[in-house]
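Each remark here refers to the structure printed beneath this line.
In the working numbering, the protein residues as written are 245 to 1379.
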């Protein structure tokens, strides 16, 4: 707000206080953020009104504004949590922990874990640091004193803790003075003027009582000098011409409204692509339109000019025949064609996660192949993903194509650091090209021919320093691309030859973003700079036409709605304030400012638009959605958590999918009902995205669910010669056809093609790491922590070991990786987490453990009592349930960490409540010991498996048994008398994988119908263990012969075999074999093995591969061509 607004608020606050409008006073204090009333804050804290405390604070600061703010909110929420614990109100304490305190785990994970562990104590004062905690009143007083110090030290509260010195009733005095002054100077003064005369402009005429008259249509000049919040000053203020008495601001709509208007000083150079040579000066001069002006008013959208435009994406006639797979959008007089959509059309359901390996910087969906996603990352990688198969079709690293032709400065920069980050990736409108802007000078343009076929097209040294943005445009009826950079320049390049066409100068700071557009025949470019300046350019050399200030002088990006009728911008300034606004192009001012964006500590919020109706912004670790016609947030989603603070967001062209970046170097794909239907259609058949819209390659078959194909398509894939001999990968290395399978896009070719199983035989064919310091006995249990930062193993001698990865230059995420060795972690005390063994021989006992969702504690047993360990201190917090019977499997209830399902060696299952230390119920249905337990939080069931090869389904509502099934052992196979049967739910929480030494089977819960069964070759030996990948797209299976199989989960087909020679020592006498296998919680291609010799190995595919093999064809009989006849049938799905 301006200074005038600030002083007015102070006057109003005084008035409200004097009039005893107490609630309104504090509401205005909070909403304006100008005065923090410490007395009122003291009162709220003392009374424990925590919701009101936080609501009042929110007007002045947010949790992550700075360290003082974070400490303020933490102390308040901690006190609320402790008070709930002190009242024995556990449900409320859990809610506070999850909703209020969880946010701090991102900044101090250890502290959050320690707070969580207070739940396990009968009295939290038993914690040494809280031993001096007194009663509630004294604790609040102590906290309040600390909060006052933090508020006074917080720079955000500077100058807000005291009101200016005002005389009593100052606002009343000023109003009376104004009224008296107005009438003292009047030709017809009134002795007792009516206060209501202040509501309108004063006139000395006698046509109205007390000298007042109706408001003048002329803008009030005094009020015109006070800028609107978030708005722009009149454009004439920035131009070379003096303002007219009643100026009509220069507008984008005016570019077409009066094309014959020419200012004498206009450049004589005719603009490229304009219908007349006289448009070059249209933007330079504010003017008053004639009464018959056809200016477009985008606030009402009722102009004939708007109603005539029905082109997709706002494309001009000359490019309207491009094969963009979307129908033209029509307009109505009132609603911009939006009435047919509801919030249910927003893609909000998380349908998959993709692991990119490094932080995502930019994304763009293909304009017609709706499930093809282009991604650029901060390590310079670009990749193309196909969502239907979740496959990374192509990848390229940053690499100069012609280094010798580069400038000396670029060569010098690359000689010291041959890396660059991707700033922007974008498809051309027809999807035949895509462009990449890098953080070092360079732009790459590739041609895309469908599937894996990506070819180098242009390499351009576009700018000195970083190339900040790139976009395609169509000046002069030819495809070009526009770039901007750190050197404050904007350049236009021919997309065919790479020749430079224009250079635009005028920004005084690095140019941040570009927005090319057109209206009717006029092509133009918006550009924004880091100093908050917005300029507009025609394709000529006459300089910028307009010069705006972005809201808050923010680094901002601009985008039109899909139909081209509405203009939006979103950005963040240096103070961390973010703005999402719609522009009134006719006035060159902000039309509406959307509410709900948080304050940032770093970075710039990103946004996108869809369906001519919705806006989406990545902000505060979530996605926020607005209806374009409403100022307040429509809805939000955290997308199941894990999003970046200011994530990248990108809608597909028809709005069915939304890609958003995560804080663990990945992407989540959200879909609406139409998108989910498309993915299911794609997953249910052999599919290649280039079959449905690659305009340059294939004839698109009729697929109604993908929308109409807009335009002609090219020749069939069979017109191109097939790949021959070795294939050259994008990074330049060559591999034979045995190692990589080219994509075949024709159905007939698929049926005749010989698919080959990927075999990994050598250490050079994968990345593997044996963790330091073996366990002294075989590994009985193994798991990653939920954060992915560590691995926990339990050996047969009842001792646990924990390996942690450190965050460093070689491992920026700090997550488990085969590239960097972890540290075997132990607390300073040197104690070990060792289970009670009772009277049993630990080598003969069945070991089991389960980890809490926040990684704070582990429940574990090795034949004796069950132990609860603190994962930070390794201390034994409690032990319970002595044997016999001994626990053989443990599983936490998904909704309540205090409830544990315990499988016993006497074949029973005990549902145990840790908090009250009692067995809630005992379930009986098996004949032999329990070997597996799995909860489904969607179906509200528990599935148990036993050494009797039986599966039982129990309702978690009443714990009654619903059904049971015996596993069918394949003909000719024998099983051990006590063979373990493990169970694990797919991420959909409906399909259940059953692991037995003879098979992998998929069941559908709760009826437990067997959908698929996979039986391995007998020569591999029994299956020892199996686990779903984190995205449930793959299944990792370990065998007694040391080999690992990778199955495609959807059809149980073996696509890759990792032989023991690839990860075990070459000396046969030193070889072990895996007993347990664990999948990484966020990287779908990484898994860990626990060996019978006490070793733990991590295995990942080569970075150049990115995944384990390729999926075999779906047709029956397409088994591995290199498998013996007897094995071919046994390694296919069976019923």
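From the three backbone atoms N, C-alpha and C, an ideal C-beta is built for every residue, glycine too.
When Cβ pairs closer than 8 Å are counted between the two stretches, the segment 1134 to 1149 is seen not to touch the segment 372 to 384, the count staying below three. In this structure, the straight-line span from the alpha carbon of residue 1280 to that of residue 1225 is close to 16 Å. Between residue 380 and residue 308, the CB-CB gap reaches or exceeds 8 Å. At a Cβ-Cβ threshold of 8 Å, residue 689 and residue 727 do not count as neighbours. Distance from the Cα of residue 1058 is smallest, within the candidate group 761, 1050 and 1353, for 1050.
Per the coordinates, the alpha-carbon of residue 636 lies some 4 Å from the alpha-carbon of residue 629. Apart from the 5 residues on each side of it in sequence, residue 318 sits with its Cβ closer than 7 Å to the Cβ of 348 in its chain, given in chain order.
Assignment of residue 1225 by DSSP, reduced to helix, strand and coil, places it in the coil class. Residue 1098 is classed as buried because its beta carbon has at least 16 other beta carbons within 10 Å across all chains shown. Residue 1343 and residue 1277 have their C-alpha atoms some 17 Å from each other. Residue 662 is classed as exposed because its beta carbon has fewer than 16 other beta carbons within 10 Å across all chains shown. Counting the other CB atoms within 10 Å of its CB gives residue 619 a total of 16 or more, which places it among the buried residues.
With respect to the 8 Å criterion, residue 914 and residue 1250 are not classified as neighbours on the basis of their beta carbons.
The segment 1064 to 1083 and the segment 1107 to 1119 touch, with three or more beta-carbon pairs separated by less than 8 Å. By the Cβ test, the segment 1001 to 1014 is in contact with the segment 1299 to 1308, since at least three Cβ pairs between them sit closer than 8 Å. Ranked by Cα distance from residue 796, the first of 1264, 1286 and 834 is 834.
Inter-residue distance for residue 439 and residue 423 is about 7 Å (C-alpha atoms, whole angstroms). Non-local beta-carbon contacts of residue 1229 in its own chain, meaning distances under 6 Å to residues more than five positions away in sequence, involve 1178, 1180 and 1236 in chain order. Inter-residue distance for residue 788 and residue 631 is about 41 Å (C-alpha atoms, whole angstroms). Per DSSP, reduced to three states, the secondary structure at residue 1322 is strand. Taking each of 767, 696 and 911 in turn and checking the Cα distance to residue 722, the smallest one comes out for 767. Inclusion of residue 822 and residue 849 in the CB contact set at 8 Å is warranted, their separation being smaller than that value. Exclusion of the five residues before and after residue 1039 leaves 1019, 1020, 1021, 1022, 1023, 1024 and 1338 as the residues of its chain whose Cβ lies within less than 7 Å of its Cβ. When secondary structure is reduced to three states using DSSP, residue 295 falls in the helix class. Contact between the segment 833 to 847 and the segment 871 to 886 is present: three or more C-beta pairs spanning the two stretches fall below 8 Å. Residue 649 sits in a helix when the DSSP states are folded into three classes.
Collapsing the DSSP output to three states places residue 1022 in coil. Per DSSP, the beta bridge partners of residue 1131 are 1148. Per DSSP, reduced to three states, the secondary structure at residue 1125 is coil, with no helix or strand assignment.
Residue 1172 has its alpha-carbon roughly 8 Å from the corresponding atom of residue 1222.
Taken through DSSP and simplified to helix, strand or coil, residue 656 comes out as helix. Here the C-alpha atom of residue 773 lies approximately 28 Å from the C-alpha atom of residue 611. For residue 443, the number of other beta carbons within 10 angstroms of its own is below 16, and it is reported as exposed. Sorting 706, 614 and 820 by C-alpha distance to the C-alpha of residue 650 places 706 at the top. In the DSSP assignment, residue 394 falls within the unbroken alpha helix (DSSP H) covering 380 to 397.
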